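J.: Top line first, the protein sequences correspond to chains P and U. Residue numbering for the first sequence follows our numbering, beginning at 1 and increasing consecutively. Residue numbering for the second sequence follows our numbering, beginning at 1001 and increasing consecutively. Have a look at this one before I ask anything.
There are 2 protein chains.
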Amino acid sequence: MPEPTLALDAARLLADIRALGAVGADPGGGRTRIALSDADQAGRDLLVRWMRELGLQVHIDRIGNVFGILPGSGGGDARPLMIGSHIDTVRHAGALDGCYGVLAGLAVARAYRSAGRTPRRPIAVAAFTNEEGVRYQPDMMGSLVFAGGLSLDAALATVGTDGTRLGEELARIGYAGDLAPGAIAPHAYLELHIEQGPVLEAEGLQIGVVERLQGISWQRITVHGTANHAGTTPTRLRHDAGYAACAVVAFLREQVASAAPGSTLATTGSLRLAPDLINVIPRQATFTVDLRDPDEARLQAAEQQLADFLVQLAEREGVVIETERLARFAPVVFDAGLADAIEASARRLGCTHRRMTSGAGHDAQMVARIAPAAMIFVPSQGGISHNPREHTDDAQLVLGAQVLLDVVQHHLAAD
Amino acid sequence: MPEPTLALDAARLLADIRALGAVGADPGGGRTRIALSDADQAGRDLLVRWMRELGLQVHIDRIGNVFGILPGSGGGDARPLMIGSHIDTVRHAGALDGCYGVLAGLAVARAYRSAGRTPRRPIAVAAFTNEEGVRYQPDMMGSLVFAGGLSLDAALATVGTDGTRLGEELARIGYAGDLAPGAIAPHAYLELHIEQGPVLEAEGLQIGVVERLQGISWQRITVHGTANHAGTTPTRLRHDAGYAACAVVAFLREQVASAAPGSTLATTGSLRLAPDLINVIPRQATFTVDLRDPDEARLQAAEQQLADFLVQLAEREGVVIETERLARFAPVVFDAGLADAIEASARRLGCTHRRMTSGAGHDAQMVARIAPAAMIFVPSQGGISHNPREHTDDAQLVLGAQVLLDVVQHHLAAD
């Protein structure tokens, strides 16, 4: 060790990204492959075909996670080095979020195949089910079930926003496998991803060594007020659900979110009023709160600030406020050894790089519950993601995959 | 003069209200007769039938206003005393808003017919088109065109929220008449209406003598921000259209609306975000602002406060804010002589009463541009309107109509 460096087929990786990105293409740009839709099935079929063409052993588990395994030479235990992410998308998505990490994993397996080399451990390329959580919540569901954080039965029974049941849709598209989730236990887990944020681009850096991931708290809040005529109801007699919701949003931004980098973020992405008429005081307001913080104590403090404000507001405005927890994940600190290995590879390949915190949730945070895990980021142009304008230059995509391949080689060599 | 008091057929009035209220009934309660819909046509057909049964001359003008005229004895000029309101409704409306005033006008005409008496002047019962403004804006459109405040061509060309053209829908339901709007010029105008507010009920009074009406300013505001990932975009780099909208709503309630009775009211009844996803910073927010004040200078000051705030907010948040004026009506002071006459009738009939300002807009404010006008209010239970729970006790409805009949008799006798 080290053996000669394996060669990444950059052209093939980029072509694969384009080909998968054409599945579920929208007329107006972008692509839509919501988890367990027909388009998701078509994307999975393409991925499985590519895995089989590379001679990988394909396994599907009972939550629909797809694994393509390149067998190892049998040194040590049989637990694979896993490289994964997801291929489901949001509506009108870019081509990179998730897909880049899965296809780069395939490129790593291809590099071994092309060189006729057998890794010391199996390499498992994983595509986890329903990372985006568009139709079925929570998001990152496939990796959460895989890591034992959500029961298979509960996941399969999930009712989607369209009234469908996840288990039925999974069977319908032919991806209800028979492998127990978690049966393929990883020795370690790597995930390569676009940053989906502005930091690397703003600092002109090529590689992000992701050593931790923010905690996430999602709630849905419903304010019940009283509908009344906008022109005849004195201000003091109002129970205005819309105003109350807006007061919460303003409070979160002005009193809870912090301007300091790496601190508390607060977002209300969805807000709906009923009856939603110009001259009627809103009877009901339903909105979401997305709080994130890399520090668990600070995240809990933000949740408490919000809870206290809701109590005061309900009292002051004479409204009833319900909160529903949609998702809650504590901050994750990734494996220090893997992060060091990523940094070493970046340095070896001459890449500019920095240690960083992931602002977005990723499958890696779930797998981190059961195996050492870490992530590699490449820049996102304008920080834009979940959007057809999501973009990373081809050269940066290739560089990220080369870093991944280098980490894998050294990891397996040093194993 | 005075001749013997005419008798109001209270049972018939209440039966008429119930019968018209059954037209366009919703499965879940309430009724929906949006202007120029099939249900509006059915309501108009019923009203016209009742007018014809009473021997009233029915005229339809080119904006679809319906007039039923009881001829006078010919004393003085031929201009009628007009009693009007509207029979179109909001979605899931009560049975009283508008309909009560029109049907009470019919009850007044019926009282003359039943007694075999001919009034000195014609009595015109009017039902104005599209008072509610649900599908076509502005609201109070029929009376606005009638009073010369909006050109007929502009009104007929109005495109609705469903993409239809008002003139085509008017013709489709058979109510595109040939009378020029305003051809039936009133000598005076009276409108009887439920208060749609809490004041009379709160003070335990039977009759409101409406001597003025608040000014109304309606705007639609659109904030253009930048959609971005909720987890990866630092607070300082956000251009959050949703937060900006909420900040405006909070500002209006906390800095512009006044807790003092009879002062500035501010309402945001409609607010929509795009893309409206939990983990995406809103790209766009569209919301409405309804400002009302009985004092024109104060109303203008409120508009200016809002405009100034929008400029600061756009600068501070790096968003673009567009405003569109949807409606603007200055406060209206009704005819003092008519208000005195209403108060005299209320006193004559032994009703408890007070002078008051209308918080809602009414056709009377449009007709006031071309004739002396005033309004009579009866209590609204809980101040609730635009809702199936809208309610006024039968005895109060009858009392209001008796006051109206008394005002008409004395007005025509004293003419």
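Note that beta-carbon positions come from the ideal geometry of N, C-alpha and C, so glycine has one too. All values reported here derive from a predicted model rather than from experimental measurement.
Does the distance from the CB of residue 1261 of chain U to the CB of residue 1383 of chain U come in under 9 Å?
T.: Taking the first residue of the second sequence as position 1, residue 1261 of chain U is located at position 261. Taking the first residue of the second sequence as position 1, residue 1383 of chain U is located at position 383. Not a contact, by the Cβ cut-off of 9 Å.
J.: Please compile the residues from chain U whose C-beta is within a distance smaller than 7 Å of the C-beta of residue 278 of chain P.
T.: For the purposes of this step, residue 278 of chain P is identified with residue 278 of the first sequence, where counting begins at 1. In chain order: 1218, 1269, 1270, 1288 and 1290.
J.: Using only CA atoms, which one of P/69, P/141, P/15 and P/169 lies nearest to residue 113 of chain P?
T.: Taking the first sequence and counting its residues from 1, the one referred to as residue 113 of chain P is at position 113. With distances taken between Cα atoms, residue 113 of chain P lies closest to P/69.
J.: Beta-carbon of residue 1203 of chain U versus every beta-carbon of chain P: anything under 9 Å?
T.: Looking up residue 1203 of chain U in the second sequence gives position 203. Not an interface residue.
J.: Please identify, using Cβ separations under 7 Å, the residues of the region 223 to 245 of chain P that lie next to chain B, in order along the chain.
T.: In the structure shown, chain B cannot be found, because the protein chains are P and U.
J.: Does the count of Cβ pairs from the region 388 to 396 of chain P and the region 91 to 105 of chain P closer than 8 Å reach three?
T.: Flag = yes, the region 388 to 396 of chain P and the region 91 to 105 of chain P touch.
J.: Between which two residues does the alpha helix (DSSP H) carrying residue 1026 of chain U extend?
T.: The residue you call residue 1026 of chain U lines up with position 26 of the second sequence. Neither: residue 1026 of chain U is in no alpha helix (DSSP H) and is coded neither H nor E.
J.: Using a 10 Å radius around the Cβ and a threshold of 16 neighbouring Cβ atoms, would you call residue 1311 of chain U buried or exposed?
T.: Within the second sequence, residue 1311 of chain U is the residue found at index 311, counting from 1. Exposed, because fewer than 16 other Cβ atoms sit within 10 Å of the Cβ of residue 1311 of chain U.
J.: For residue 244 of chain P, which residues of its own chain have a beta-carbon under 6 Å away from its beta-carbon, when the five flanking residues on both sides are left out?
T.: Against the first sequence, residue 244 of chain P aligns to sequence position 244. Closer than 6 Å at Cβ, skipping near neighbours: 223, 313, 317 and 319.
J.: Given this structure, state the Cα-to-Cα distance separating residue 63 of chain P from residue 236 of chain P, to the nearest angstrom.
T.: For the purposes of this step, residue 63 of chain P is taken as the residue at position 63 of the first sequence. For the purposes of this step, residue 236 of chain P is taken as the residue at position 236 of the first sequence. Each residue's alpha carbon lies about 53 Å from the other.
J.: Name the chain U residues that come within less than 9 Å of residue 383 of chain P, Cβ to Cβ?
T.: Within the first sequence, numbered from 1, the residue matching residue 383 of chain P stands at position 383. In chain order: 1228, 1229, 1232, 1233 and 1237.
J.: Using only the alpha-carbon positions, how far apart do residue 163 of chain P and residue 1305 of chain U sit?
T.: Within the first sequence, numbered from 1, the residue matching residue 163 of chain P stands at position 163. Within the second sequence, numbered from 1, the residue matching residue 1305 of chain U stands at position 305. If I take the Cα positions, the gap works out to 46 Å.
J.: I want to see whether chain P comes within less than 9 Å of residue 1143 of chain U, judged by CB atoms only; does it?
T.: As a working note, residue 1143 of chain U is residue 143 in the second sequence. Taking Cβ atoms only, chain P never reaches closer than 9 Å to residue 1143 of chain U, which makes this a no.
J.: Using the beta-carbon count (16 or more within 10 Å), is residue 1018 of chain U buried or exposed?
T.: Here residue 1018 of chain U corresponds to residue number 18 of the second sequence, with the count starting at 1. When all chains shown are included, residue 1018 of chain U counts as exposed.
J.: Could you give the distance in angstroms between the alpha-carbon of residue 102 of chain P and the alpha-carbon of residue 50 of chain P?
T.: Here residue 102 of chain P refers to the residue found at position 102 when the first sequence is read from its first residue. Here residue 50 of chain P refers to the residue found at position 50 when the first sequence is read from its first residue. The alpha-carbon atoms of residue 102 of chain P and residue 50 of chain P are separated by roughly 11 Å.
J.: Is there a C-beta anywhere in chain U that falls below 9 Å from the one on residue 198 of chain P?
T.: Residue numbering aside, residue 198 of chain P sits at position 198 when the first sequence is read from its first letter. Yes, contact with chain U.
J.: With which residues is residue 1191 of chain U paired in a DSSP beta bridge?
T.: One-based indexing of the second sequence puts residue 1191 of chain U at position 191. DSSP output for residue 1191 of chain U lists U/1375 as bridge partner(s).
J.: With distances taken between CB atoms, is the gap from residue 175 of chain P to residue 81 of chain P smaller than 9 Å?
T.: Your numbering for residue 175 of chain P matches position 175 in the first sequence. Your numbering for residue 81 of chain P matches position 81 in the first sequence. Contact flag unset, no.
J.: Under 9 Å between C-beta atoms, does residue 247 of chain P make it to chain U?
T.: Taking the first sequence and counting its residues from 1, one reaches residue 247 of chain P at position 247. It does; some Cβ of chain U falls within 9 Å.
J.: Would you tell me roughly how many angstroms separate the C-alpha atoms of residue 354 of chain P and residue 1290 of chain U, rounded to the nearest one?
T.: Along the first sequence, one-based indexing puts residue 354 of chain P at 354. Along the second sequence, one-based indexing puts residue 1290 of chain U at 290. Straight-line Cα distance between these residues: approximately 51 Å.
J.: Can you tell me the Cα-Cα spacing of residue 178 of chain P and residue 60 of chain P, whole angstroms?
T.: By one-based count along the first sequence, residue 178 of chain P stands at place 178. By one-based count along the first sequence, residue 60 of chain P stands at place 60. Their Cα atoms are separated by approximately 7 Å.
J.: Who are the neighbours of residue 386 of chain P on chain U, taking C-beta pairs under 7 Å?
T.: As a working note, residue 386 of chain P is residue 386 in the first sequence. 1229 and 1280, listed in chain order.
J.: For residue 1089 of chain U, list the residues DSSP reports as bridge partners.
T.: Within the second sequence, the letter at position 89 stands for residue 1089 of chain U. For residue 1089 of chain U, which the question treats as bridged, DSSP gives no partner whatsoever.
J.: Any contact between the region 1204 to 1215 of chain U and the region 1291 to 1300 of chain U? By contact I mean 3 or more CB pairs, one from each, below 8 Å.
T.: Flag = yes, the region 1204 to 1215 of chain U and the region 1291 to 1300 of chain U touch.
J.: Using a Cβ-Cβ cut-off of 6 Å (strictly less than) and excluding sequence neighbours within five positions of residue 285 of chain P, which residues of its own chain qualify?
T.: As a position in the first sequence, residue 285 of chain P is number 285, starting the count at 1. Cβ neighbours of residue 285 of chain P beyond the five flanking positions: 223, 241, 242, 245 and 273.
J.: How about the region 327 to 334 of chain P and the region 245 to 256 of chain P: do they share at least three Cβ pairs that are nearer than 8 Å?
T.: Judged by Cβ distances under 8 Å, the region 327 to 334 of chain P makes no contact with the region 245 to 256 of chain P, as fewer than three pairs qualify.
J.: Using a Cβ cut-off of 9 Å, pull out every chain U residue sitting near residue 185 of chain P, in sequence order please.
T.: Within the first sequence, the letter at position 185 stands for residue 185 of chain P. Result: empty, since nearest Cβ-Cβ is about 28 Å, beyond 9 Å.
J.: What number of angstroms, rounded off, separates the C-alpha of residue 292 of chain P from the C-alpha of residue 361 of chain P?
T.: Residue mapping note: residue 292 of chain P aligns to position 292 of the first sequence, counting from 1. Residue mapping note: residue 361 of chain P aligns to position 361 of the first sequence, counting from 1. Roughly 10 Å between the two C-alpha positions.
J.: Can you give the Cα-Cα distance for residue 1351 of chain U and residue 1387 of chain U, rounded to whole angstroms?
T.: As a working mapping, residue 1351 of chain U is identified with position 351 in the second sequence. As a working mapping, residue 1387 of chain U is identified with position 387 in the second sequence. One C-alpha to the other measures close to 27 Å.
J.: Alpha carbons only, please: which of P/5, P/72, P/322 and P/206 is nearest the one belonging to residue 225 of chain P?
T.: The residue given as residue 225 of chain P occupies position 225 in the first sequence. The candidate whose alpha carbon is nearest that of residue 225 of chain P is P/322.
J.: Start and end of the beta strand (DSSP E) containing residue 291 of chain P?
T.: One-based indexing of the first sequence puts residue 291 of chain P at position 291. 284 to 293 is the extent of the beta strand (DSSP E) around residue 291 of chain P.
J.: Output, in chain order, the set of chain P residues within a Cβ distance shorter than 8 Å of residue 1359 of chain U.
T.: One-based indexing of the second sequence puts residue 1359 of chain U at position 359. Neighbours of residue 1359 of chain U on chain P, chain order: 229, 231, 232 and 233.
J.: Name the residues in the region 327 to 360 of chain P whose C-beta lies less than 7 Å from a C-beta of chain U; which are they?
T.: Per Cβ criterion, the list reads 359 and 360.
J.: Run down chain P in chain order and give the residues with a C-beta less than 9 Å from the C-beta of residue 1253 of chain U.
T.: Indexing the second sequence from 1 puts residue 1253 of chain U at position 253. Correct list: 235, 238, 240, 243, 246 and 247.
J.: What's the gap between the Cα of residue 1166 of chain U and the Cα of residue 281 of chain P?
T.: The residue given as residue 1166 of chain U occupies position 166 in the second sequence. The residue given as residue 281 of chain P occupies position 281 in the first sequence. Rounded to the nearest angstrom, the two C-alpha atoms are 27 Å apart.
J.: Between residue 1347 of chain U and residue 1270 of chain U, what straight-line distance do the alpha-carbon atoms span, to the nearest angstrom?
T.: Looking up residue 1347 of chain U in the second sequence gives position 347. Looking up residue 1270 of chain U in the second sequence gives position 270. In a straight line, the C-alpha of residue 1347 of chain U is about 42 Å away from that of residue 1270 of chain U.
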